[in-house]
Amino acid sequence: MSKKTILKISSLIALIFSAIGAILLLFTPWAYWWYSYRVSGSYGTYHYYGSGVVNIATWPATIFILLVVLFLAICAAISLLTLISEANITRKHILISLVLAIISLIMIVIGAVVTVIDMRAHELYWAFGAGFYGSLFGTIFTILFTSIMLYAKEK
Numbered sequence: 000m001s002k003k004t005i006l007k008i009s010s011l012i013a014l015i016f017s018a019i020g021a022i023l024l025l026f027t028p029w030a031y032w033w034y035s036y037r038v039s040g041s042y043g044t045y046h047y048y049g050s051g052v053v054n055i056a057t058w059p060a061t062i063f064i065l066l067v068v069l070f071l072a073i074c075a076a077i078s079l080l081t082l083i084s085e086a087n088i089t090r091k092h093i094l095i096s097l098v099l100a101i102i103s104l105i106m107i108v109i110g111a112v113v114t115v116i117d118m119r120a121h122e123l124y125w126a127f128g129a130g131f132y133g134s135l136f137g138t139i140f141t142i143l144f145t146s147i148m149l150y151a152k153e154k
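By numbering that gives the first Met the number 0, the letter at position 65 of the sequence shown is numbered 64, and the numbering carries on one by one without gaps.
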């Protein structure tokens, strides 16, 4: 298989994964949380339940979510431009895409650690959502296939 064919295939796959990662992070919850406790008093026992999500509407997370979505959208745009017009894309553009994907992965991991610490500190039951898993695996595969693009691009 020629390097040009490898470049086209890997750029298509990188485009798909970066777009899926950005879309899932933007439109689905990063994490879910819920609580349940019982209070006994002179009038009987009461059960309290509550739940919520961490998503783009959750203020501190909004900035990081939008940054990761922006970085993944730039990666998708560079992959798309490589598919459309390979001659206009240099190794420098692909390297920028790779660096942005790596920064996105670092931000996702930091966000996961902060989420775990916050949920444990508030003693909530919680689980990661599709936004987390989609962005994590989408970014990992974007890094993988962008690296292949960098290898396949002629100097």
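Even for Gly, the Cβ is constructed at its ideal location relative to N, Cα and C.
Q.
For G49, count the other beta carbons within 10 Å of its own beta carbon; 16 or more makes it buried, fewer makes it exposed. Which is it?
A. Stepping through the sequence shown from its first residue, residue 49 is reached at position 50. Per the 10 Å Cβ criterion, exposed.
(Q) Whether or not the region 74-83 and the region 43-60 are in contact is what I'm after, with contact meaning three or more pairs of Cβ atoms, one per stretch, closer than 8 Å; do they touch? (A) no
Q. Leaving out the 5 sequence neighbours to the left and right, which residues in its chain are closer than 7 Å to G20 when beta-carbon positions are compared?
A. Position 21 of the sequence shown, counting from 1, holds the residue named residue 20. For G20, where only same-chain residues beyond five positions count, the Cβ hits under 7 Å are L71, G133, S134, G137, T138 and T141.
Q: Please list, in chain order, all residues of the same chain as V98 whose beta carbon is under 8 Å from its beta carbon, the five residues on each side excluded.
A: As a working note, residue 98 is residue 99 in the sequence shown. There are no such residues.
Q) Are the beta-carbon atoms of W29 and L123 separated by less than 9 Å? A) Here residue 29 refers to the residue found at position 30 when the sequence shown is read from its first residue. Here residue 123 refers to the residue found at position 124 when the sequence shown is read from its first residue. The answer is no: Cβ separation not under 9 Å.
Q | Touch test, the region 57-70 against the region 10-27, Cβ-Cβ under 8 Å, three pairs minimum | A | yes
Q: Consult DSSP for Y158 and reduce its assignment to one of helix, strand or coil.
A: Here the chain covers residues 0 to 154 and nothing more, so residue 158 does not appear.
Q) Quick one: is I93 buried, meaning 16 or more other Cβ sit within 10 Å of its Cβ, or exposed? A) Within the sequence shown, numbered from 1, the residue matching residue 93 stands at position 94. Buried is the call here.
Q | Helix, strand or coil at S35 according to DSSP, with G and I counted as helix | A | Locating residue 35 in the sequence shown gives position 36, where the first residue counts as 1. In this structure, S35 counts as strand in the three-state DSSP scheme.
Q: Just the C-alpha distance for S41 and Y34, rounded to the nearest angstrom, thanks.
A: The sequence position of residue 41 within the sequence shown is 42, counting from 1. The sequence position of residue 34 within the sequence shown is 35, counting from 1. The straight-line gap from Cα to Cα measures roughly 23 Å.
Q. G130: which of G110, H121 and R119 sits nearest, CA to CA?
A. In the sequence shown, the residue the question calls residue 130 occupies position 131. When only C-alpha atoms are compared, the closest one is G110.
Q | Where the beta strand (DSSP E) through H46 begins and ends | A | The count along the sequence shown starts at 1 and reaches residue 46 at position 47. Per DSSP, H46 belongs to the beta strand (DSSP E) from G43 to V53.
(Q) So, at 8 Å on beta carbons, what are the nonlocal neighbours of T27 in its own chain, with the 5 sequence-adjacent residues on each side left out? (A) Taking the first residue of the sequence shown as position 1, residue 27 is located at position 28. The residues are N54, G128, A129, G130 and G133.
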